[in-house]
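>
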Amino acid sequence: MLSENNAIISHVLSRNGVNVHKFMNNDIRLVEVRDAHVKELGSNTFDLLTADGAVNNDINPDNTELDTVSLIISEIILATRLQKQEGCFVLTVIGLQYSITCECVALLSDMYNCVQSIKHFTSSACDEAK
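Going by numbering that gives the first Met the number 0, the sequence shown opens with residue 0, and the numbers climb by one from there.
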């Protein structure tokens with residue numbers, strides 16, 4: 000929520016009362032898009048970051064986890080650049096079936112004091128989101 004005391008830190012698009020930052024095509028898998036985020040928002044400025052990106056995989060849903068890995072890695076890289084020391088990072092992971100996804104979680108356990116895996120209440124029993 001913005002008040003008179005909050006600085007406006009970038010040009011934003013307002014969507015239902017939520018401020019959405021728009022950087023090029025917003026594909027953070029691209030280095031230049033991640034760099035634009037850091038340049039505009041500032042390095043190590045946020046206590047809390049969330050990453051709930053998804054890859055449209057309606058054509059081949061069996062590959063959702065593998066197709067999402069590059070996005071997860073990019074979300075982790077961007078978080079390390081935007082987040083304050085001792086910050087909190089909430090990441091959505093679709094499945095833990097493949098070793099590369101497990102390695103991403105292992106990387107987080109090296110970077111953070113505490114890593115928790117939570118099956119959120121609103122997901123269906125067969126949904127792999129964690």
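Even for Gly, the Cβ is constructed at its ideal location relative to N, Cα and C.
Excluding five sequence neighbours on each side, which residues of the same chain lie with their C-beta closer than 8 Å to the C-beta of Lys83?
Closer than 8 Å at Cβ, skipping near neighbours: Asn43, Thr44, Phe45 and Asp46.
> On a Cα-Cα basis, can you pick out the residue from Leu48, Ser98 and Ile75 that is closest to Asp109?
For the residues Leu48, Ser98 and Ile75, the minimum Cα distance to Asp109 belongs to Ile75.
> Return the chain-ordered list of same chain residues with a C-beta closer than 8 Å to the C-beta of Tyr111, the five sequence neighbours on each side being excluded.
Hits under 8 Å: Phe88.
> Answer yes or no: do Ala50 and Thr91 have a C-beta to C-beta separation smaller than 8 Å?
Contact: yes.
> Do the CB positions of Tyr97 and Leu48 come within less than 8 Å of each other?
Taking 8 Å as the Cβ cut-off, Tyr97 and Leu48 do not qualify as a contacting pair.
> Could you check whether Leu70 and Gly52 sit closer than 8 Å to each other, using their CB atoms as the reference points?
Against a cut-off of 8 Å, the Cβ pair of Leu70 and Gly52 comes out as a contact.
> Output the distance between the C-alpha atoms of Val114 and Arg80, rounded to the nearest integer angstrom.
Their Cα atoms are separated by approximately 19 Å.
> Using a Cβ-Cβ cut-off of 6 Å (strictly less than) and excluding sequence neighbours within five positions of Ala78, which residues of its own chain qualify?
The answer, listed in chain order, is Leu48 and Phe88.
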